[in-house]
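> Those letters in the sequence shown? Residues 5 to 365, per my numbering, in order.
Take a look at the following structure, please.
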Amino acid sequence: MYSRILSFLLAAPLLVAGTYDPRPDLEAGRYLKVFADAEAQLKADPRNALALAAKSQALTSQQRFGEALAFAESALSLQPRLPDAILARGLARAGTAVQQRNFSSLRHASGALDDLESATQADPRLLTAWMSLTLAYQQLPGLLGGSTRKALACAAKLKAVNPARGELLQGMVLSMDGRWHEAERCFQRALTLAPTDPEAVYGYLDSLGSRETRKKLGVPEQTRRLAQDATRLLPPVKNRARALEAITDALLDAGQPMEAWRIAKEALSLVDAPSLVRLQLGKLAARSGLHRDEGLVLLDQVVREPLEGGSGGYASAHWRRGQILNDLGRKNEARSAAQAALKFDSKHPGARKLLDLLDQK
């Protein structure tokens, strides 16, 4: 649930805060800017509930869920009906539930659903709330109130607010439900309406590359489509990090790691979020075995500097460092990298697997 819900992290309360409006930056994934702007607002007015809610969402994108929840609660104590604060608490709760990965996380998941539902009711223009609620309905078990029927109903409501995002969301739900041919029609409508929207590109390629789609298309056809569509969708989004992540992943899965590396490397100096592209280049190096030394240098930079959220965060960066170090035969450094990843996410499956592998040697 985490990777889908949080990867897609508008109201009378805005009038209280004057011209300060963090929603466009949040919806575009500019979390570092959101964090800096919120800090500036809070320095001028520590009781600015909207800034507290925005800071909470930026922290959630960085997987700092405990801090995010505290700031969301502070915002709600000041303005209990502020939609942005209700959403912020829902996202922090959802992230906590996924990170805990145990029975007690059900309480956080249930609370997250309640908050996301309340946020959409309080302000139907909250795109992130609709996206997160829909994916939660699709991926949570019926015990917690999830169902494909509810997810599709949410996507239909989003169409009234944002047709392109509504089509995208419907396509994602249908794809997860194993209904690829219906989903594809939704994706094509979304991409026609918003060809420069990185979320549309990401959502489509992520779904095309999924296990569910592989079962419908077969491996050869899925591979062919990933390579073809990644290349076709690149031009209008070549400087958008979120889209580049999906495009280069698709090319990697299609057996074209050199092309994936070239595209990401050429975009690095021009892209809107360079930290995400550095992390992606490290991922490409770790998965393909190509450019390991350069990938390691880029990942070293990632873990030293501010990292844009919505990317797997520092845990992912340290894990990828560990993979490369292990492949280079630097076992002790690889173990330290895996342990560093677990400090950020104590149950990170990739880091735990790497550490187990190293302990066997």
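For every residue, glycine included, the Cβ atom is placed at its ideal position computed from N, Cα and C.
What's the C-alpha gap between Gln103 and Glu312?
19 Å
> Using the C-alpha atoms, what's the distance from Gln284 back to Ala140?
26 Å
> So Asp257 and Gly213 are in contact, right, with Cβ under 8 Å, and what is the actual spacing, rounded?
The pair is a contact, with the Cβ atoms about 5 Å apart (cut-off 8 Å).
> What are the boundary residues of the alpha helix (DSSP H) that His322 is part of?
Gly317 to Asp331
> Here's the rule I'm using: 16 or more other beta-carbon atoms within 10 Å means buried, otherwise exposed. How should Glu188 be labelled?
buried
> For Lys287, which residues of its own chain have a beta-carbon under 7 Å away from its beta-carbon, when the five flanking residues on both sides are left out?
Arg324
> Which value, in whole angstroms, describes the spacing of the CA atoms of Arg27 and Ala44?
16 Å
> Which same chain residues end up closer than 7 Å to Ala271 when comparing Cβ atoms and leaving out the 5 residues on each side of it in sequence?
Lys242, Asn243, Leu248 and Val281
> Tell me where the alpha helix (DSSP H) around Ser214 begins and ends.
Looking at the DSSP string, Ser214 is not in any alpha helix (DSSP H), and its letter there is neither H nor E.
> Does Tyr35 come out as helix, strand or coil in the three-state DSSP assignment?
Reduced to three states, the DSSP call for Tyr35 is helix.
> Answer with buried or exposed for Lys357, where buried requires no fewer than 16 other C-beta atoms within 10 angstroms of its C-beta.
exposed
> Just list the alpha helix (DSSP H) runs in the segment 270-299, keeping only unbroken ones of 4 residues or longer that don't cross its boundaries, in chain order.
278-292
> Relative to the alpha-carbon of Ala123, which residue among Thr152, Cys158 and Arg153 has its alpha-carbon at the smallest distance?
Cys158
> Would you identify the three-state DSSP class for Thr23, choosing helix, strand or coil?
coil
> Quick test of your reading: Pro202 and Arg236, contact by CB under 8 Å. State the CB separation rounded to the nearest angstrom.
About 15 Å; that fails the 8 Å criterion.
> Going by beta carbon distance, what residues of the same chain come within less than 7 Å of Gly149, once the five residues before and after it are set aside?
Around Gly149: Leu117.
> Could you check which residue in Leu91, Lys220 and Gln67 has the C-alpha nearest to that of Ala126?
Leu91
> Assuming Ala133 and Leu120 make a contact with CB atoms under 8 Å, what is their CB distance in whole Å?
6 Å
> Roughly how many angstroms separate the alpha carbons of Lys335 and Glu263, rounded to a whole number?
29 Å
> Looking at Pro261 and Arg229, is the spacing between their C-beta atoms short of 9 Å?
Cβ distance not < 9 Å, so Arg229 and Pro261 don't count as in contact.
> If you count every other CB in all the chains shown that lies within 10 Å of the CB of Ala16, and 16 or more means buried, which is it?
In this prediction, Ala16 has a pLDDT of 31, which is less than 50 and means its spatial position is unreliable; what the coordinates show is noted afterwards. Ala16 should be labelled exposed.
> Spell out a yes or no on whether the segment 37-57 and the segment 73-86 are touching, meaning 3 or more CB-CB pairs, one atom from each, closer than 8 Å.
yes
> Let me check understanding here. Comparing Cα to Cα, which of Arg308, Ala89, Leu63 and His322 lies closest to Ser350?
His322
> Quick one: Cα of Trp184 to Cα of Pro240, how far?
About 25 Å.
> Ends of the alpha helix (DSSP H) at Gly182?
Taken as a continuous stretch (DSSP letters only), Gly182 belongs to no alpha helix (DSSP H), as it is neither H nor E.
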